[in-house]
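Visitor: Start counting the sequence shown at 1083; every next residue gets the next number (my numbering).
Where a beta carbon is used, it is the ideal one built from N, C-alpha and C, also for glycine.
Small disclaimer: the values here were computed from a predicted structure and weren't measured.
Mind having a look at this structure? Questions to follow.
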Amino acid sequence: MRLQIETHEKKEKKEQPNMNTDDWRLTNQMNYLFQKKLIKKQYKPFRESWEHDHCEFCGCRIDTSVPFAYATEDNYHWICGDCYDDFKEMFKWTTVDETKSKE
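Right, dumping it as structure tokens:
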């Protein structure tokens, strides 16, 4: 019985994403951004009255002056380019690029 418990515990640990818990930018984003589809695009506010958003990780301002950022499909959560590059593997995001010109 002890062997089965140890095996199960090891399996659970193996399936968890490899998180560097020392990074100050990581809070609870794994709960709502893990394996999400992100769209690389110019900022579009979630509500008309909003002028900007903040990166879900570092808190930097994201607005129309930023060439692009990464958003969830509903435009509610935004991630700056630097944080996207730092966490894309950990969070296993799939990305659609809307910044490419369409011919």
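Would phenylalanine 1173 and glycine 1163 qualify as a contact pair, given that the criterion is a beta-carbon distance under 9 Å?
Guide: Pairing phenylalanine 1173 with glycine 1163 gives a Cβ-Cβ distance that is not under 9 Å.
Visitor: Can you tell me which of Trp1132, Cys1140 and Asp1156 puts its alpha carbon nearest to the alpha carbon of tyrosine 1166?
Guide: Cys1140
Visitor: Is DSSP giving tyrosine 1125 helix, strand or coil here?
Guide: Three-state result, tyrosine 1125: coil.
Visitor: Would you report the Cα separation of methionine 1112 and glutamate 1130, rounded to the nearest angstrom?
Guide: 28 Å
Visitor: Does DSSP put arginine 1084 in a helix, a strand or coil?
Guide: Residue placement at arginine 1084 is poorly supported in this model, since its pLDDT is 45, which falls under 50; the coordinates still yield a value, given next. In the structure shown, arginine 1084 sits in a helix (DSSP, three-state: H, G or I).
Visitor: Where does aspartate 1135 sit, in a helix, a strand or coil, going by DSSP?
Guide: Strand at aspartate 1135.
Visitor: Using the rule of at least 16 other Cβ atoms within 10 Å of the residue's Cβ for burial, across every protein chain shown, is histidine 1134 buried or exposed?
Guide: exposed
Visitor: Along the chain, where does the beta strand (DSSP E) that runs through aspartate 1179 open and close?
Guide: Segment 1176-1179, the beta strand (DSSP E) holding aspartate 1179.
Visitor: For glutamate 1180 and isoleucine 1144, which I take to be in contact (beta-carbon distance under 8 Å), what is that distance rounded to the nearest angstrom?
Guide: Rounded to the nearest angstrom, the Cβ distance from glutamate 1180 to isoleucine 1144 is 15 Å, too far for a contact under 8 Å.
Visitor: For tryptophan 1126 versus threonine 1176, is the C-beta spacing smaller than 9 Å?
Guide: What sits at residue 1126 in the sequence shown is lysine, not tryptophan. No, these two residues do not count as a Cβ contact at 9 Å.
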